[in-house]
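Engineer: With the first letter of the sequence shown counted as 1, position 52 gets the number 387 in the working numbering; the numbers rise by one all the way through. Cβ atoms here follow ideal geometry from the backbone N, Cα and C, with glycine treated the same way. Given the structure is predicted, the values throughout are model-derived calculations rather than measurements.
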Amino acid sequence: MTPHTGPTAERVHEAGARLAVEAARFTEIGWMRGTSGNISEVVARDPLRLAVTASGLDKGELQATDIAVVGAVGEPVGVAGVVPLKPSAEAGLHARVAGLTGADAVVHVHALNAVVAGHRWPGGVRLRDVETLKGIGRLAHDDEVVIPVIRNSQDMAELGDRFEKSYDPRTPAVIVASHGLYTWGTDLKHARHVTECVEWLLAYALATA
336 MTPHTGPTAE RVHEAGARLA VEAARFTEIG WMRGTSGNIS EVVARDPLRL
386 AVTASGLDKG ELQATDIAVV GAVGEPVGVA GVVPLKPSAE AGLHARVAGL
436 TGADAVVHVH ALNAVVAGHR WPGGVRLRDV ETLKGIGRLA HDDEVVIPVI
486 RNSQDMAELG DRFEKSYDPR TPAVIVASHG LYTWGTDLKH ARHVTECVEW
536 LLAYALATA
């Protein structure tokens with residue numbers, strides 16, 4: 336992957352505009368109720384910097400400036416020309432995911448099917464022989480896919496360790512039990528497509544169990 340340059344205020348605000356559009360999509364279909372959920376985009380790789388939707392805001396009403404910039408452990412990072420806003424505590428897991436997977440976009444939604452599936456299958460959700468698996472980069476047949484489920488924690492370092500232990504580079508998603516779904520991709524559109532496909536697959540698993 337070609338390293339990003341920056342971050343500059345222009346790059347951060349461009350990312351913020353894209354994040355606002357994607358957050359509005361997820362809010363409209365009910366996956367970011369209240370002020371829940373967050374999305375991030377990598378704006379620099381060396382050192383790692385992410386633009387992430389700011390904490391406590393309605394994700395259906397975001398502006399390009401409603402973002403925070405964080406570093407490799409989710410800590411706030413100042414960027415000249417960017418008004419500093421409070422990042423979600425979950426920004427630490429976004430950074431861990433982006434750093435480990437090399438993804439340029441991370442999505443966290445509170446989709447109900449993810450929470451229910453994580454409760455039903457705490458050891459992971461197993462899927463195979465479903466065409467939609469191709470939407471997450473796997474095979475439609477003869478390919479057993481496991482969506483990992485990890486225990487929740489308010490400590491992002493601990494949660495990140497659980498994610499890293501469960502991580503399979505072939506599977507771009509993880510369920511946080513009693514919480515929601517994290518997905519990632521090469522850009523925001525790819526991450527959205529992965530999110531949509533994983534949520535459908537989880538609905539299918541629940542409906543056919």
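Could you give the residue range of the alpha helix (DSSP H) that holds Thr543?
Structural biologist: Leu523 to Thr543 is the extent of the alpha helix (DSSP H) around Thr543.
Engineer: Does DSSP put Thr467 in a helix, a strand or coil?
Structural biologist: The answer is helix: DSSP assigns Thr467 an H, G or I state.
Engineer: Use the C-beta contact count for Gly409: other C-beta atoms within 10 angstroms, 16 or more gives buried, fewer gives exposed.
Structural biologist: Gly409 should be labelled buried.
Engineer: According to the Cβ coordinates, are Ala378 and Pro342 closer than 7 Å?
Structural biologist: In the sequence under discussion, the amino acid at residue 378 is Val, which differs from the Ala named in the question. Cβ distance < 7 Å, so Val378 and Pro342 count as in contact.
Engineer: Among the residues of its own chain, which have a CB less than 6 Å from the CB of Leu428, if the five just before and after it don't count?
Structural biologist: Met491, Leu494 and Gly495.
Engineer: For a test of the three-state rule: what should DSSP assign to Thr362, helix, strand or coil?
Structural biologist: The answer is helix: DSSP assigns Thr362 an H, G or I state.
Engineer: Please classify Thr337: is it buried, with 16 or more other beta-carbons within 10 angstroms of its beta-carbon, or exposed?
Structural biologist: In this prediction, Thr337 scores a pLDDT of 41, lower than 50, which makes its location untrustworthy; no coordinate-derived value is stated.
Engineer: Just the C-alpha distance for Pro483 and Leu537, rounded to the nearest angstrom, thanks.
Structural biologist: Between Pro483 and Leu537, the C-alpha separation is close to 12 Å.
Engineer: State yes or no: is the C-beta of Thr388 within less than 7 Å of the C-beta of Leu354?
Structural biologist: Taking 7 Å as the Cβ cut-off, Thr388 and Leu354 qualify as a contacting pair.
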